[in-house]
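The numbering of the sequence shown is the UniProt record's numbering, which starts it at 1 and goes up by one.
Have a look at the structure below, then the notes.
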Amino acid sequence: MDAAGAPCSSREALARELILAALEDLSQEQLKRFRHKLRDAPLDGRSIPWGRLENSDAVDLVDKLTQFYGSEPAVDVTRKILKKADARDVAVRLKAQQLQQYKKKYREHVLLQHAKVKERNARSVKINKRFTKLLIAPGSNAVEDELLGPSEEPEPERARRSDTHTFNKLFRGDDEGLRPLTVVLQGPAGIGKTMAAKKILYDWAAGKLYHGQVDFAFFMPCGELLESPGTRSLADLILDQCPDRKAPVRQILALPQRLLFILDGADELPAVGAPEAAPCKDPFEATSGLRVLRGLLSQELLPLARLLVTTRNVAPGTLRGRLGSPQCAEVRGFSDKDKKKYFFKFFRDERKAERAYRFVKENETLFALCFVPFVCWIVCTVLQQQLELGQDLSRTSKTTTSVYLLFIASMLKSAGTNGPRVQGELRTLCRLAREGILKHQAQFSENDLAQLKLQGSQVQTLFLSKKEVLGVLEKEVSYQFIDQSFQEFLAALSYLLEAEGAPGAPAGGVKMLLNSDAELRGHLALTTRFLFGLLSAERVRDVERYFGCVVPERVKQDTLRWVQGQGHPKVAPVGPEKNDELEDTEEPEEDEEDLNFGLELLYCLYETQEDAFVRQSLTNLPEIVLE
Numbered sequence: 001m002d003a004a005g006a007p008c009s010s011r012e013a014l015a016r017e018l019i020l021a022a023l024e025d026l027s028q029e030q031l032k033r034f035r036h037k038l039r040d041a042p043l044d045g046r047s048i049p050w051g052r053l054e055n056s057d058a059v060d061l062v063d064k065l066t067q068f069y070g071s072e073p074a075v076d077v078t079r080k081i082l083k084k085a086d087a088r089d090v091a092v093r094l095k096a097q098q099l100q101q102y103k104k105k106y107r108e109h110v111l112l113q114h115a116k117v118k119e120r121n122a123r124s125v126k127i128n129k130r131f132t133k134l135l136i137a138p139g140s141n142a143v144e145d146e147l148l149g150p151s152e153e154p155e156p157e158r159a160r161r162s163d164t165h166t167f168n169k170l171f172r173g174d175d176e177g178l179r180p181l182t183v184v185l186q187g188p189a190g191i192g193k194t195m196a197a198k199k200i201l202y203d204w205a206a207g208k209l210y211h212g213q214v215d216f217a218f219f220m221p222c223g224e225l226l227e228s229p230g231t232r233s234l235a236d237l238i239l240d241q242c243p244d245r246k247a248p249v250r251q252i253l254a255l256p257q258r259l260l261f262i263l264d265g266a267d268e269l270p271a272v273g274a275p276e277a278a279p280c281k282d283p284f285e286a287t288s289g290l291r292v293l294r295g296l297l298s299q300e301l302l303p304l305a306r307l308l309v310t311t312r313n314v315a316p317g318t319l320r321g322r323l324g325s326p327q328c329a330e331v332r333g334f335s336d337k338d339k340k341k342y343f344f345k346f347f348r349d350e351r352k353a354e355r356a357y358r359f360v361k362e363n364e365t366l367f368a369l370c371f372v373p374f375v376c377w378i379v380c381t382v383l384q385q386q387l388e389l390g391q392d393l394s395r396t397s398k399t400t401t402s403v404y405l406l407f408i409a410s411m412l413k414s415a416g417t418n419g420p421r422v423q424g425e426l427r428t429l430c431r432l433a434r435e436g437i438l439k440h441q442a443q444f445s446e447n448d449l450a451q452l453k454l455q456g457s458q459v460q461t462l463f464l465s466k467k468e469v470l471g472v473l474e475k476e477v478s479y480q481f482i483d484q485s486f487q488e489f490l491a492a493l494s495y496l497l498e499a500e501g502a503p504g505a506p507a508g509g510v511k512m513l514l515n516s517d518a519e520l521r522g523h524l525a526l527t528t529r530f531l532f533g534l535l536s537a538e539r540v541r542d543v544e545r546y547f548g549c550v551v552p553e554r555v556k557q558d559t560l561r562w563v564q565g566q567g568h569p570k571v572a573p574v575g576p577e578k579n580d581e582l583e584d585t586e587e588p589e590e591d592e593e594d595l596n597f598g599l600e601l602l603y604c605l606y607e608t609q610e611d612a613f614v615r616q617s618l619t620n621l622p623e624i625v626l627e
């Protein structure tokens, strides 16, 4: 109670100080006019009786204003009355002082709101205790010494651990003193980009980052904004993050060079298309989340504001086209040292942590996969449940697909006698994941779950995280998968669990997934990669055992024929003579797309871990040369 009341008492004292300082700046004549205007200009239908005002000095007026209106509203009342009393210079100073106080209030609010983060199992933990430092390296278009400073590590592994020093250097200026307005943090699914972005916001609020450069920082989850119904302005979105709806939003927006917007998951934005999705240019225009985000990314909306953008590796090329020349950095996950730290933070019991870590360290492949925080969390979760049984994970944990499937198996085993029911719920959840991926949907309503009879189910608790947002009339509740990559994994799994055309199955089978157009291909890349991983003979047997089903052979054959039909992917020109022919020729735009597609195809084939399938797949393909 005392701790909670302390900030409130502090704000009341500050409000009184602001009002008193303003009133003491007035001459006796101005103070007299102030009393009369306060009597003659009732606010919200209320005014202080003249008998209580007539002989009041500055100190008395402070008492009466704060008692009658409340401490913080009294400051607004004072400022408005000062204008009416022809003391505009004092009103302007009070307004500036109010903004300074609101900066402190907003930082306190951010610290309170983001002090804890929800684990994927819905357990809340302090962000400072859970956050484990990640490796962050300069992107391909960034000068390393400018971004992260000198490093003793050899090329190309010049990565620095994500401490306050590293985060501060993200917006550091170059030799000419020019600071980048946009920084892109890129990395694969589950690597920790969102957690890093939230830690940056928290450290800023704690006064550790961008001191004297950023007055307000706002966290914008792109996926949620894209799916949010109705129209909102950027000003509305800012107010949503403030401690109250009376925030001085116009004053905040008047200094865009002092603002930082953290756009998390910008790869979820669709490609530039219809005119109705043109970038928004007015921060007070009520419009779609897509237009607001495009306005910020294109810098047509608040062009002087700073942007910190997180994105998967599949999107940076597209983003750079929208952003111009951003500073880029790559999130590379945990170092070996930080993997160990994560294990000890997760288990908390030192003996169990040491035992689990040693178990994983002895499995070279599994240990390597743990550089991805989400994979590390899955491994720790499975070990927490199964380590005492002495199970050997090495047989099934050579790829991300196998680790995710192991997690599913562990959850099914823990269901005990409820196993058959949980199997059925999980099949339905896979269908929901697939429909969401195909529709670019990551947020699901309570009604979505109720229609599928998943609301309150065991799989909802295990695999979905709940989010409550204060709506206009009541709290709005939505659900999302514990990680976007896990939604993509379950979407891929759905193709093995349901025969095409079966009742309740989503329209379109594996052929539709594989033959998607170029625009969708990047969005579906990870789902496709998981599909390949699940089609190995060993994984198919696992799926059949865990779910008590028979996986149709047709799924694997359709996938094989699709690979064989790809012809010659243009991965990269080879041979010394290429320079003579192409030196002065502009390369067609699709070359980079072909390069990405060819490389992604190799990732998919690797994920299968099945030599026979890979040999059959490559039978009709010429040699692929990567430069």
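Built from N, CA and C at the ideal position, the CB exists for glycine as well.
Helix, strand or coil for Asp236, going by three-state DSSP, please let me know.
Under the three-state reduction of DSSP, Asp236 is assigned to helix.
Given that a residue counts as buried once 16 or more other Cβ atoms are within 10 Å of its Cβ, and exposed if not, what is Phe34?
Flag for Phe34 reads buried.
N-terminal and C-terminal residue of the alpha helix (DSSP H) that Gly223 is part of:
From DSSP, the alpha helix (DSSP H) with Gly223 extends over Cys222 to Glu227.
Indicate the three-state DSSP secondary structure (helix, strand or coil) for Pro138 in the structure shown.
strand
Here's the rule: buried if 16 or more other CB atoms are within 10 angstroms of the residue's CB, otherwise exposed. What is Thr608?
buried
If you draw a straight line from the alpha carbon of Leu308 to that of Asp267, how long is it in whole angstroms?
13 Å
Beta-carbon spacing of Glu476, Thr527 below 7 Å
In this structure, Thr527 does not lie closer than 7 Å to Glu476 by Cβ.
Going by C-alpha distance, which of Arg258, Leu239, Tyr69 and Arg427 is nearest Phe547?
Arg427
Is the number of C-beta pairs between the region 448 to 468 and the region 411 to 427 that are closer than 8 Å three or more?
Flag = yes, the region 448 to 468 and the region 411 to 427 touch.
Can you grab the Cα-Cα spacing for the pair Val77 / Arg46, in whole Å?
The C-alpha of Arg46 is placed about 11 Å away from the C-alpha of Val77.
Enumerate, from N- to C-terminal direction, the unbroken alpha helix (DSSP H) stretches of 4 or more residues contained entirely within the region 538 to 566.
Fully enclosed alpha helix (DSSP H) runs of no fewer than 4 residues occupy 553 to 564 of the region 538 to 566, in order along the chain.
Using 10 angstroms around the beta-carbon of Trp50, count the other beta-carbons present and answer buried if the total reaches 16, otherwise exposed.
It counts as exposed.
First and last residue of the uninterrupted alpha helix (DSSP H) at Leu201
Lys193 to Ala205
Which listed residue (Val184, Cys604 and Phe530) has its alpha carbon closest to that of Cys328
Val184
Ignore the nearest five residues each way along the sequence and tell me which others in Glu600's own chain have a CB closer than 7 Å to its CB.
Ala525
Is it buried or exposed, Thr132, if we count other Cβ atoms within 10 angstroms and call 16 or more buried?
buried
On the premise that Gln101 lies in contact with Leu18, defined as a C-beta separation below 8 Å, what is that separation, rounded to the nearest angstrom?
7 Å
Does the count of Cβ pairs from the region 399 to 408 and the region 532 to 549 closer than 8 Å reach three?
yes
Mapping the DSSP letters down to three states, classify Gly190 as helix, strand or coil.
coil
Distance between Pro420 and Cys549 (C-alpha atoms, nearest Å)
Roughly 12 Å between the two C-alpha positions.
Cα separation between Leu493 and Lys339?
28 Å
For Leu531, count neighbouring Cβ atoms within 10 angstroms of its own Cβ and tell me buried if that reaches 16, exposed if not.
buried
Three-state secondary structure assigned by DSSP to Tyr479
In the three-state DSSP reduction, Tyr479 falls in the strand class (E or B).
Report the residue from Leu178, Pro188, Cys222 and Leu621 whose alpha carbon sits nearest the alpha carbon of Gln566.
Leu621
C-alpha gap between Glu586 and Gly522, whole angstroms:
Its pLDDT being 44, under 50, Glu586 is placed unreliably in this model, and the coordinates cannot settle the point.
Where are the alpha helix (DSSP H) runs, 4 residues long or more, that stay fully inside the UniProt domain "Pyrin" (1 to 100), in chain order?
2 to 24, 28 to 40, 50 to 53, 58 to 69 and 71 to 84
If Leu301 and Cys280 are in contact, beta carbons under 8 Å, what's the gap, nearest whole angstrom?
5 Å
With three or more C-beta pairs closer than 8 Å as the rule, is the region 191 to 210 touching the region 249 to 256?
Fewer than three pairs of CB atoms, one per stretch, sit closer than 8 Å, so the region 249 to 256 makes no contact with the region 191 to 210.
One question on the structure: do Arg79 and Lys95 come within less than 7 Å of each other, judged by their Cβ atoms?
For Arg79 and Lys95, yes; Cβs fall inside 7 Å.
Is it right to say Ser56 is buried, meaning 16 or more other beta carbons lie within 10 angstroms of its own, or is it exposed?
buried
Assuming Thr166 and Thr310 make a contact with CB atoms under 8 Å, what is their CB distance in whole Å?
Actually they are not in contact, since the Cβ atoms of Thr166 and Thr310 sit about 15 Å apart, beyond 8 Å.
For Lys398, the nearest candidate out of Glu364, Cys376 and Lys169 (CA to CA):
Of the listed residues, the one whose Cα sits closest to Lys398 is Glu364.
Measuring only the C-alpha atoms, how far is Gly28 from Gln113?
The question names Gly, but residue 28 is Gln in the sequence shown. Answer to the nearest angstrom: the Cα atoms are 45 Å apart.
DSSP three-state label for Asp264, please.
Three-state DSSP puts Asp264 in a strand.
Best match in Val422, Leu497 and Ser402 for proximity to Arg434 [C-alpha to C-alpha]:
Nearest of Val422, Leu497 and Ser402 to Arg434, Cα basis: Leu497.
With 16 other Cβ atoms within 10 Å as the buried cut-off, status of Phe284:
Exposed.
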